[in-house]
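Protein sequences appear in the order of chains V and X.
Just so it is clear: in the first sequence, position 369 is 369 by this note's numbering, and no numbers are missing.
Each number in this note's numbering comes from the position in the second sequence (counting from 1) with 1000 added on.
Built from N, CA and C at the ideal position, the CB exists for glycine as well.
Worksheet for the structure shown next.
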Amino acid sequence: MDYTIKIGGEAGQGIQTIGGSLAKALSRSGYHVFTHQDYESRVRGGHNFYQIRFSDKPVSAIREKVDILVAFDTESILRHETELTVNGIIIYDSSFHKQKHNEPYFLDVPFSDLALEHGGNKIMLNTAATGAVLGMLGIETEILIGLIKEDFRTKGDEIISGNIKAAAAGHEYTKNKCAKCSFTITEPSNKKMLINGTEAIGLGAIASGCKFYSAYPMTPATGIMNYIADKEEEYGIIVEQAEDEISAINMALGASFAGVRAMTGTSGGGFALMQEGVSLAGMTETPIVIALGQRPGPATGLPTRTEQADLLFLLHSGHGEFPKIVFAPGTPEQAFYLTNKAFELSEKYQVPAFVITDQYLADTQWTYDSFASDKIKYVDRRLRGDELTKLPEYRRHAFTDSGISPLAVPGASRHLVVTDSDEHDEDGHITENAETRNKMVEKRLFKKMPLIREEISPPLLYGDKEPDILLVGWGSTYGVIKEVVDILSNEKRIAMLHFSEIYPFPLEKKLNYLSLLNNSKLAICIENNATCQFARLIKAETGYIFFENEIKKYDGRPFTLDGLLGEVNAHIRRL
Amino acid sequence: MPTLEDYKGQTPAWCPGCGNFNILRSFNEAMVEMGIEPHQFTIVSGIGQAAKFPHYTKCNTFNGLHGRTLPVATGIRLANHEMIVMAVAGDGDCYGEGGNHLLHAIRRNVNVKLFVHDNQVYGLTKGQASPTTGEGTKTKNQPFGVFSSQLNPMALGVALDCSFVARGYAGDSEHLKGLIKEAVHHKGFALVDILQPCVSFNKVNTYKWYGERVYHIEPEYNPEDRLKAFERSLEWGDKIPLGIIYRNNRHTYEDMIPVIKESPLVNQSFDLSKLEAALKEFY
Ligand SMILES: Cc1ncc(C[n+]2csc(CCOP(=O)(O)OP(=O)(O)O)c2C)c(N)n1
Ligand code: SF4
């Protein structure tokens, strides 16, 4: 069982509401769900769609074929009719469209009339449509009813019962009238959690004891701020909407200096503004976590679409030379744990740590049985309380064997905490002394870098352990590459090599990825950008060259399973 | 009790005769007289001659980027609102590079004290015009004279309903010391613009020039009358008023944040067990 539901319409028509409740109803029923949204940079109108793939087996990518299309406007029919599978069905409300469709794969469902008649308000047509889809699939409405009760909790009994009736009416209608519906649904299993990349980063930050988040809104990073802001009171966090990204990073550095874990998040343009602050974190050795949600550039690019094209910019961000840590999670699960690791290492080594995502990972929802909170690491490495008060003396930038100086909380003792964006001495005071400069560079860069590199996990090898064909990816392409490997592994010795911890570049001693690359007959680097930035990074770090074996996509859309499979097969055929 | 000896920092690298020396002295004396210990406050500064200030006294210091003092100060203050947080900046630093942050710091009304060493010139980069340089002043960079109008920090502060707006003068250290104390005691954001002769690059606004013009605002003046304050803030030229131009009792930003009602953020411990509740919402 592997079905795809697509809900299409204009912005403002409630596409997200229907998609959201369907996805949640399915994940609660225990199915594996993968959702993806496609929207334009506008608040009303245009063409948007929400796509849900669900199965009894794990799913991690989008398909091009659609089993149920819910069309809220004519545009959705025109654009997506050809995507229907053999048994696919389009449901629509003919009162919305100028015409009635007589082809057998159309089912006219009067969403709006059903809502008015049964629920008491046309507004409830979204709920009627959600019920209708479940009716077509032959899935009962109890779970949906439960969701309605939760979602409208604050709206009163009348609204709740109206929506429940609208859902039931939609369900009844398709259950009885959909003659062509022939979906076979497996038995529901244990309920799953449904989470997207954005929420996973926010959750990871909260789980890491983040207490201060400052940002200026920019898609697709805004969601992290929204998620954390919603939890401010519960977890004792301050979320500050700064006047610009320059302020956002400087505020976070201020908060971190003052003694709390701090984070900021932005997208390419905002990150461009933050450069000096990144460098300031490097010089003052102030811990900070920065989420970078990529979207297509240059400049404002395609604001609501996806791309993996800021990797090299990020790696070279900030002027001057200092260590940084860069993680590129491929799934919400990785986003959760890597955000935690970013906080851990950022504080341990007092360097900026980055979590790089993109619009695609930010918005896609995945299902999991659970996240293990016992895998979360939290060690407060700041000197405070007695530990600090009892120190005979304190120097913020003291030279140590490890290069890591004690990080004290200012004001918590008589010891002064002094730091500077200028080169400074061990006390933190400005100096231009050449010898001190050398020692500081050695401390910040040469001593810390090897230690940080030891902490970096190797890339993930998925599939054949001695592959002929190796598909290499990083970040958000994880899911789709993995499914390509699943499909092709019946006939080929194929594997995925996925990098999610990318700077400092992983050591080969934990996994000899270079020999895997060299021993394969075909290694292909797959990236959502135009210049194969990761391939260039591998070349710079290891000397390995992919030559022409690259699959790239830079139209602002993510890879689809069918699309990538076709391209990989084309490379294999040329072997 | 702290003594002036406790406030002895590094030897300043300012030009002999620079107005910054007097500001430093007034500041240290004010701290000693208020009984504030060096570890009890933090000074955030940016880049410029003025910005070297915290190194020349004794305190917790974050000497960050040009123009970015106020965001850092805001972050520190929100994380620990029991700490006295001050920002020291040049006029270029604060009104030029950091202009946007000033607007928003005033709007937020975080309890940060901003001391601007206003020498009406860029000192460290050797004499270019700053936002407060008089119109028509010629410099190496402005050979035809400054075309833009001169920024009026006092009027700006009043217009934005800044909660404390005052002007001091480096040549009048006793009076300046009083203003520094008032600013520290005030609850809310304080903008103190300090006229500071730059003996190396500003040949117009000299000690003599100021000496002939500055006067103390009369004791009867009510700084809480915003319209009168606006009038007073526009005085510049033959007569330049020193003192508190405007003051109000707006609530501070920190007062409004529910999370830190009980204790500062920095003292709140983190409890991982609460995470389960956040996780539940995803089912
Ligand atoms: C982003 C950035 N731009 C420019 C500079 C160079 N710079 C250093 S100090 C300064 C101006 C200093 O003038 P002001 O802030 O008035 O302080 P003063 O030296 O007069 O006390 C400039 C432009 C810098 N350090 N950083
Ligand atoms: S250049 Fe001007 S402001 Fe700078 S130290 Fe010299 S006199 Fe003071």
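Check, Outcome
"For ligand 2, which residues have a Cβ under 6 Å from at least one heavy atom, in chain order?", "X:1014, X:1015, X:1018, X:1020, X:1049, X:1119, X:1123, X:1198, X:1199, X:1200, X:1201"
"Measuring alpha carbon to alpha carbon, tell me which residue in X:1244, X:1172, X:1109, X:1048 is nearest residue 1228 (chain X).", "X:1244"
"Can you tell me whether DSSP reads residue 222 (chain V) as helix, strand or coil?", "helix"
"Give me the chain X residues within the contact set of residue 212 (chain V), using Cβ-Cβ distance strictly less than 9 Å, ordered along the chain.", "1075, 1078, 1079, 1265"
"Spatial neighbours of residue 292 (chain V) within its chain, please: C-beta separation below 8 Å, excluding the five flanking residues on both sides.", "221, 265, 266, 267, 268, 271, 310, 314, 354, 355, 356, 357"
"If contact means a Cβ-Cβ distance below 9 Å, which residues of the region 238-253 of chain V contact chain X?", "238, 240, 242, 243, 244, 246, 247, 248, 249, 250, 251, 252, 253"
"Is residue 1092 (chain X) near ligand 1, judged by its Cβ being under 7 Å from some heavy atom?", "yes"
"Taking residue 257 (chain V) as the query, report the chain X residues whose CB atoms sit under 7 Å from its CB, ordered along the chain.", "1062, 1076"
"Counting only the same chain and skipping the five closest in sequence on each side, list residues whose C-beta sits under 6 Å from that of residue 1095 (chain X).", "1131, 1151"
"Taking residue 48 (chain V) as the reference, give the member of V:256, V:215, V:305, V:248 with the closest Cα.", "V:305"
"According to DSSP, residue 353 (chain V) sits in a beta bridge with which residue or residues?", "V:289, V:325"
"Any heavy atom of ligand 1 inside 7 Å of the beta-carbon of residue 1043 (chain X)?", "no"
"Check whether the Cβ atoms of residue 1048 (chain X) and residue 1124 (chain X) sit closer than 8 Å, and answer yes or no.", "yes"
"Starting from residue 34 (chain V), follow its DSSP beta bridges and name the residues at the other end.", "V:53, V:366"
"State buried or exposed for residue 1158 (chain X), treating a residue as buried only when at least 16 other CB atoms are found within 10 Å of its CB.", "buried"
"Secondary structure at residue 409 (chain V), three-state DSSP: helix, strand or coil?", "coil"
"By DSSP, does residue 415 (chain V) sit in helix, in strand, or in coil?", "coil"
"For residue 1214 (chain X), write down the residues that DSSP places opposite it in a beta bridge.", "X:1240"
"So is residue 1072 (chain X) in contact with chain V if we call contact Cβ pairs under 8 Å?", "yes"
"With a Cβ-Cβ cutoff of 8 Å, do residue 1 (chain V) and residue 56 (chain V) count as a contact?", "yes"
"As a quick exercise: from V:96, V:66, V:99, pick the residue whose alpha carbon is nearest that of residue 90 (chain V).", "V:66"
"With distances taken Cα to Cα, identify the nearest neighbour of residue 975 (chain X) among X:1057, X:1041, X:1093.", "Because chain X is modelled from 1001 through 1283, residue 975 (chain X) falls outside the range shown and cannot be assessed."
"Would you say residue 394 (chain V) lies against chain X (beta-carbon separation less than 8 Å)?", "no"
"I think residue 406 (chain V) touches residue 398 (chain V), with their Cβ atoms under 8 Å apart; what is that distance to the nearest whole Å?", "7 Å"
"Anything in chain B within Cβ reach of residue 1278 (chain X), meaning under 7 Å, just list it in chain order.", "The structure shown contains no chain B; its protein chains are V and X."
"Our contact map puts residue 469 (chain V) next to residue 494 (chain V) with C-beta atoms below 8 Å; I'd like the distance itself, whole angstroms only.", "4 Å"
"If you measure from the beta carbon of residue 1124 (chain X) to each beta carbon in chain V, is any gap under 8 Å?", "no"
"Can the beta-carbon of residue 145 (chain V) be found closer than 8 Å to that of residue 152 (chain V)?", "no"
"For residue 480 (chain V), count the other beta carbons within 10 Å of its own beta carbon; 16 or more makes it buried, fewer makes it exposed. Which is it?", "buried"
"Any heavy atom of ligand 1 closer than 7 Å to the CB of residue 1055 (chain X)?", "no"
"In angstroms, rounded to a whole number, what distance separates the CA positions of residue 425 (chain V) and residue 329 (chain V)?", "37 Å"
"In terms of residues, what are the limits of the beta strand (DSSP E) holding residue 4 (chain V)?", "2-11"
"Cβ-heavy atom distance between residue 1047 (chain X) and ligand 1 below 7 Å?", "yes"
"Under a Cβ-count criterion, where at least 16 other Cβ atoms within 10 Å of its own Cβ denotes burial, should residue 372 (chain V) be classed as buried or exposed?", "exposed"
"Measuring alpha carbon to alpha carbon, tell me which of V:446, V:561, V:334, V:102 ends up nearest residue 498 (chain V).", "V:334"
"Consider the C-beta atom of residue 1130 (chain X) and the heavy atoms of ligand 1; say whether any pair is separated by less than 7 Å.", "yes"
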